[in-house]
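**Student:** Protein chains in written order, with my numbering: chain E, 2 to 217; chain L, 2 to 217. Right, I'll just put the structure down here and ask away after.
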């Protein structure tokens, strides 16, 4: 029987931040922390933190707080960082190359094991030790390696077609860096909208500039 | 007197999504939309939408809904996309190149007008029509152009030093792609954590995999 509680995506989206923060605490040899301290340092209310972590059964103890290592491991497990997910990158342009080089992914439990492109000038070249393969080899590769995740860094116009091709090959999750929102049946998709974060920065910059003006 | 209401950052973070969605509606020649329709299509409750937009004075009319063009313009103004912000990229590696080529930024009101690096092999080369300059030229460039935003795509270990150098040059906002959280006095910083979104994807993949198991 499936007894797991459905956790809201808003909570899930906050978990990687806890995970990062706890990782830093571990590196500073902090062994335990209260929800109040977590709250102050992360800018989230203590009650929000307790509520978030309670979704997964707690982990905290009254009067003791949280054991940093235990909480770190548990959140890692919840997020699936113990799954040793393998991922391929489709699109060996600048973004694909930048991501293949992003050293944080392995720390989070993700391994890039294949890079694909259609450009014959790129096929056969090595990127961070991985030989770029033709997209025509993707089907066999995904089946042989049971790869579930594809990182899409192809030009805008090709995104949908390539995503559908990946889904047919057996890919179950797409991390999409093109500016269009993808929806593919039976495939989970995270659409990365880099400009969103830039616009938040622009808003905050506008805010401080206006404060300066009012201060005069 | 400053009569502006302080808007919570949670609301601000949702605005770019409205902005993107409204942009798509405009492209489909949709001229008006109710909060209910917005709600269904965006997966946000109608009351949340009304609440979000009320922070800035509304824009909707009972029984009519929202004028898409007006709402799009207003949200754009709130986010500062009418400010014609100029930004420099520091770090001409793969990520810097990928971002300099990201055609969405201009659509959102941001122009990349300079790229800097310390690598003498890159200095003088052109990336998307912009000549890579030495970081030693950054000070003069930022002052001359009154550039306020810097996009940081330098290696992890150099991030803090480069960020401080940019702040000294007069940069007021940093969009930081390195994996470390930056804090620089009097400078607004948006730290981009790409792995966070990958981990959310991993969580959702784990969820559907476990559902499959329970379905058997």
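Virtual Cβ for every residue (Gly too), placed ideally from N, Cα, C. Given the structure is predicted, the values throughout are model-derived calculations rather than measurements.
Taking residue 96/E as the query, report the chain L residues whose CB atoms sit under 9 Å from its CB, ordered along the chain.
**Tutor:** The sequence position of residue 96/E within the first chain is 95, counting from 1. Those are 95, 96, 98, 99, 100, 102, 103, listed as they occur along chain L.
**Student:** Return the residue from the list 126/L, 95/L, 90/L, 98/L that minimises the CA-CA distance to residue 142/L.
**Tutor:** Working through the second chain from its first residue, we reach residue 142/L at position 141. For the residues 126/L, 95/L, 90/L, 98/L, the minimum Cα distance to residue 142/L belongs to 90/L.
**Student:** Closer than 8 Å by beta-carbon distance: list the chain E residues that pair up with residue 174/L, in chain order.
**Tutor:** In the second chain, residue 174/L corresponds to position 173, counting from 1. The contacting residues are 202, 203, 205, 206.
**Student:** Express the C-alpha separation of residue 138/L and residue 11/E in angstroms, rounding to a whole number.
**Tutor:** The residue you call residue 11/E lines up with position 10 of the first chain. The residue you call residue 138/L lines up with position 137 of the second chain. Rounded to whole angstroms, residue 11/E to residue 138/L spans 43 Å at the Cα level.
**Student:** Roughly how many angstroms lie between the CA atoms of residue 105/E and residue 180/L, to the nearest whole one?
**Tutor:** Taking the first residue of the first chain as 1, we reach residue 105/E at position 104. Taking the first residue of the second chain as 1, we reach residue 180/L at position 179. Spanning the two alpha carbons is a distance of roughly 7 Å.
**Student:** Report buried or exposed for residue 126/E, applying the criterion of at least 16 other Cβ atoms within 10 angstroms of its Cβ.
**Tutor:** Looking up residue 126/E in the first chain gives position 125. It is exposed - the Cβ of residue 126/E has fewer than 16 other Cβ atoms within 10 Å.
**Student:** Give me, in chain order, the residues of the same chain whose beta-carbon lies closer than 6 Å to that of residue 225/L; leave out the 5 immediate sequence neighbours on both sides.
**Tutor:** The requested residue 225/L does not occur in the structure, where chain L is confined to residues 2 to 217.
**Student:** Quick one: Cα of residue 111/E to Cα of residue 149/E, how far?
**Tutor:** Translated into positions along the first chain, residue 111/E becomes position 110. Translated into positions along the first chain, residue 149/E becomes position 148. For residue 111/E and residue 149/E, the distance between alpha carbons rounds to 11 Å.
**Student:** Go to residue 101/E, then tell me how far its alpha helix (DSSP H) extends in each direction, as first and last residue.
**Tutor:** Counting from one through the first chain, the residue named residue 101/E turns up at place 100. 95–101 is the extent of the alpha helix (DSSP H) around residue 101/E.
**Student:** Assign residue 41/L to one of two classes, buried (16 or more other C-beta atoms within 10 Å of its C-beta) or exposed (fewer than that).
**Tutor:** Mapped onto the second chain, residue 41/L falls at position 40. With fewer than 16 other Cβ atoms within 10 Å, it is exposed.
**Student:** Tell me, please, whether the CB atom of residue 144/L is closer than 8 Å to any CB atom in chain E?
**Tutor:** In the second chain, counting from the first residue as 1, residue 144/L sits at position 143. Chain E contact via Cβ: absent.
**Student:** Do residue 100/E and residue 17/E come within 8 Å of each other at the CB atom, strictly closer than that value?
**Tutor:** Position 16 of the first chain, counting from 1, holds the residue named residue 17/E. Position 99 of the first chain, counting from 1, holds the residue named residue 100/E. No, they are not a contact pair.
**Student:** So the beta strand (DSSP E) residue 48/E belongs to, where does it begin and stop?
**Tutor:** Here the question's residue 48/E lines up with position 47 in the first chain. Residue 48/E -> not in any beta strand (DSSP E); alpha helix (DSSP H) instead, spanning 47–55.
**Student:** Can you round the beta-carbon distance between residue 66/E and residue 34/E to whole angstroms, since I take them to be within the 8 Å contact cut?
**Tutor:** Locating residue 66/E in the first chain gives position 65, counting from the first residue. Locating residue 34/E in the first chain gives position 33, counting from the first residue. At roughly 5 Å, the Cβ-Cβ gap stays under 8 Å, so residue 66/E and residue 34/E are in contact.
**Student:** For residue 81/L, go through chain E and note every residue whose CB falls closer than 8 Å to its CB, in chain order.
**Tutor:** The residue given as residue 81/L occupies position 80 in the second chain. Under the 8 Å cutoff, chain E gives 200, 203, 204, 206, 207.
**Student:** For residue 191/L, which three-state DSSP category applies?
**Tutor:** For the purposes of this step, residue 191/L is taken as the residue at position 190 of the second chain. Reduced to three states, the DSSP call for residue 191/L is strand.
**Student:** Beta-carbon of residue 13/E versus every beta-carbon of chain L: anything under 8 Å?
**Tutor:** One-based indexing of the first chain puts residue 13/E at position 12. Chain L contact via Cβ: present.
**Student:** Taking the runs of the alpha helix (DSSP H) that are 4 residues or longer, which of them lie wholly in the region 140–187 of chain E?
**Tutor:** For the region 140–187 of chain E, whole alpha helix (DSSP H) runs of length 4 or above, ordered along the chain, are 160–170.
**Student:** How big is the Cα-Cα spacing for residue 165/L and residue 185/L?
**Tutor:** For the purposes of this step, residue 165/L is taken as the residue at position 164 of the second chain. For the purposes of this step, residue 185/L is taken as the residue at position 184 of the second chain. Taking the straight line joining both Cα atoms gives about 7 Å.
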